[in-house]
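For reference, the structure discussed in these notes is given below.
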Amino acid sequence: MLTLETFGWDDRFETALRACADGGLRPARVAVAHNALYQLRTADGEVMAEVAGRLRHRAAAPDARPVVGDWVAIRPGANGDTATIEAVLPRRRCFSRKAAGEPTRRQLVAANIDTVLLVSGLDGDFNLRRIERYLVAIRNSGAAPVLVLNKADLCPDREDRRAAAAALAPEAPLHVIEALGPGGVEPLRQHLPPGRTGALIGSSGVGKSTIINRLLGRERQKTAAVRRRDGRGRHTTTQRELILLPDGGLLIDTPGMRELQLWEDTNALDDAFDDIRRLGAECRFRDCEHEGEPRCAVRQAVETGRLSAARLDSFRRLRREREAARQRREELARLDEHRRVTTAHRAMRAFRSNRLTDEG
Ligand SMILES: Nc1nc2c(ncn2[C@@H]2O[C@H](COP(=O)(O)OP(=O)(O)OP(=O)(O)O)[C@@H](O)[C@H]2O)c(=O)[nH]1
Ligand SMILES: [Mg+2]
Ligand SMILES: [Zn+2]
Numbered sequence: 312m313l314t315l316e317t318f319g320w321d322d323r324f325e326t327a328l329r330a331c332a333d334g335g336l337r338p339a340r341v342a343v344a345h346n347a348l349y350q351l352r353t354a355d356g357e358v359m360a361e362v363a364g365r366l367r368h369r370a371a372a373p374d375a376r377p378v379v380g381d382w383v384a385i386r387p388g389a390n391g392d393t394a395t396i397e398a399v400l401p402r403r404r405c406f407s408r409k410a411a412g413e414p415t416r417r418q419l420v421a422a423n424i425d426t427v428l429l430v431s432g433l434d435g436d437f438n439l440r441r442i443e444r445y446l447v448a449i450r451n452s453g454a455a456p457v458l459v460l461n462k463a464d465l466c467p468d469r470e471d472r473r474a475a476a477a478a479l480a481p482e483a484p485l486h487v488i489e490a491l492g493p494g495g496v497e498p499l500r501q502h503l504p505p506g507r508t509g510a511l512i513g514s515s516g517v518g519k520s521t522i523i524n525r526l527l528g529r530e531r532q533k534t535a536a537v538r539r540r541d542g543r544g545r546h547t548t549t550q551r552e553l554i555l556l557p558d559g560g561l562l563i564d565t566p567g568m569r570e571l572q573l574w575e576d577t578n579a580l581d582d583a584f585d586d587i588r589r590l591g592a593e594c595r596f597r598d599c600e601h602e603g604e605p606r607c608a609v610r611q612a613v614e615t616g617r618l619s620a621a622r623l624d625s626f627r628r629l630r631r632e633r634e635a636a637r638q639r640r641e642e643l644a645r646l647d648e649h650r651r652v653t654t655a656h657r658a659m660r661a662f663r664s665n666r667l668t669d670e671g
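In the numbering used here, the protein residues as written are 312 to 671.
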């Protein structure tokens, strides 16, 4: 029997729903977010929903719009399989990035996730610098990272690659798998117990949908061979979707990402580069940027081969990106403040002129 808990419902969401103070509202989880229409899962089955007008206006801020994985409060429609979304319940652990092509916005990729399965191909897709970047974004989300190196069958030096990837996140579980091989995806099940939500993230063609199909035991998701010419994927999956696995876990399939640029700004970057942070404690200047200052322990470590130059480069690049994102966030906050003040002034004027007509 399906219950709300099947889809990851818990006491904290229950409390948030009660706070809506409207007995007519019911909880539902977003399985697919289309442009204006949402496919929801409830204890009673599937429901299609639109967002209430009130929410749509607020949705001028893109973050206000429901995304896959969100818990929402719905008002059921007359016929049972349609509804209106009245509120998005407070989110926990969202995976987000800078919206592609939009300099000032963040894009929520998935909400309320417990685990991110970061999938890389052990073929031509393998790229340590990209894994590093994703790891920072996962740390930002607060979800637990699991590294998945797929297509072991295509890689003769998988041991080296495994070790190199493991060094980037010593605490994260890492699985070298062959999704297509017998029993290939079994090690992943332990990360997706009942009620837990995972998200598959990675470039196109690494085998995310193949992994879902193998976990399900049927060909639910479309998959397609990578391009011969350059080994890249064909962007086969085009929508994010929350899928219930037979053992009770939930897993979000996502379209392969073309780029991942950082948006959030927590300690994630420094945490992800803990080796550099520790080396930096030995630099002469406490605020050393490791850009050429004298007696810099980090640059010294590169010279002696203790730290790879590529890793330091990667750290610097991500740090610049974080700084740029911080500036954009500030810009955005100023714009929002401006909009808030203008709206308040307009409301005040409307109120005054109403009062004048009332009195006059
Ligand atoms: N050789 C080999 N091929 C695999 C393995 N896993 C998946 N593939 C193949 O890789 C290709 C791409 O797999 P998909 O599952 O479509 O990749 P995806 O990550 O979902 O890609 P997008 O939906 O485009 O983001 C398919 O032809 C799969 O059959 C594996 O372990 N070994
Ligand atoms: Mg896919
Ligand atoms: Zn330094």
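Yeah, the Cβ is synthetic: ideal placement off N, Cα and C, and Gly gets one too.
- Taking C-beta separations shorter than 7 Å and ignoring five residues to either side along the sequence, the partners of R386 in its chain run G335, L336, A394, T395 and E397, following chain order.
- By the neighbour-count criterion, in which 16 or more other beta carbons inside 10 Å mark a residue as buried, H656 falls on the exposed side.
- Straight across, the Cα-Cα distance linking S431 with T565 is about 14 Å.
- In the DSSP assignment, G432 falls within the beta strand (DSSP E) that extends over T426 to G432.
- Taken in chain order, the unbroken stretches of beta strand (DSSP E) that lie wholly in the segment 376-409 and span 3 residues or more are 382-387, 393-399 and 406-409.
- At a Cβ-Cβ threshold of 9 Å, L553 and R408 do not count as neighbours.
- Remark: three or more beta-carbon pairs, one from each stretch, lie closer than 8 Å, so the segment 454-468 and the segment 476-490 are flagged as touching.
- In the three-state scheme derived from DSSP, where H, G and I count as helix and E and B as strand, L562 is classed as strand.
- In its own chain, leaving out the 5 sequence neighbours on each side, no residue places its CB closer than 6 Å to the CB of R630.
- Sequence-distant Cβ neighbours of V399 in its own chain, meaning closer than 6 Å and more than five residues away, are P377, D381 and V383.
- At least one heavy atom of ligand 1 is found less than 8 Å from the C-beta of P566.
- In the three-state reduction of the DSSP assignment, H502 falls in the helix class, which pools H, G and I.
- Cβ neighbours of G560 within its own chain (closer than 7 Å, five residues either side excluded): L503, P504, P505, R507 and G509.
- For G591, the three-state secondary structure derived from DSSP is helix.
- Just so you know, the alpha carbons of I587 and N451 end up roughly 18 Å apart.
- Under the DSSP definition of a beta bridge, V358 partners with L351.
- Of the candidates E570, E614 and E642, the residue whose Cα lies closest to the Cα of R444 is E570.
- In terms of side-chain proximity, the C-beta atom of S515 is found nearer than 8 Å to a non-hydrogen atom of ligand 2.
- In this chain, E570 is not harboured by any alpha helix (DSSP H), its DSSP state being neither H nor E.
- Pairwise C-beta distances place the segment 615-633 in contact with the segment 582-599, as three or more of them are shorter than 8 Å.
- Between V496 and I522, the beta carbon gap of about 5 Å places them in contact (Cβ cut-off 8 Å).
- A residue is called buried once 16 or more other Cβ atoms fall within 10 Å of its Cβ, and E575 is buried on that count.
- The Cβ neighbour count for F437, taken over all protein chains shown within 10 Å, is at least 16; the residue is labelled buried.
- Minimum Cα-Cα distance from R633 among the listed residues R417, V652, A360 and S514 corresponds to R417.
- Close to ligand 3, as judged by a C-beta nearer than 5 Å to any of its heavy atoms, are the residues C594, C599, H601, C607 and V609, in chain order.
- The alpha helix (DSSP H) runs lying completely inside the segment 573-650 and spanning 4 residues or more are 579-583, 585-591 and 608-614, given in chain order.
- Nearest in C-alpha terms to G453, of all of S514, R367, R402 and C599, is R402.
- D471 and F324 have their C-alpha atoms some 44 Å from each other.
- With 16 or more neighbouring CB atoms inside 10 Å of its own CB, N524 falls in the buried class.
- Taken from the Cβ of Q532, at least one heavy atom of ligand 2 lies inside 8 Å.
- In this structure, H546 has its beta carbon less than 8 Å from a heavy atom of ligand 1.
- Straight through space, the alpha carbons of L419 and E642 are spaced by roughly 19 Å.
- Here the C-alpha atom of D321 lies approximately 22 Å from the C-alpha atom of A375.
- Nearest C-alpha to P481 among D355, R628 and D582: D582.
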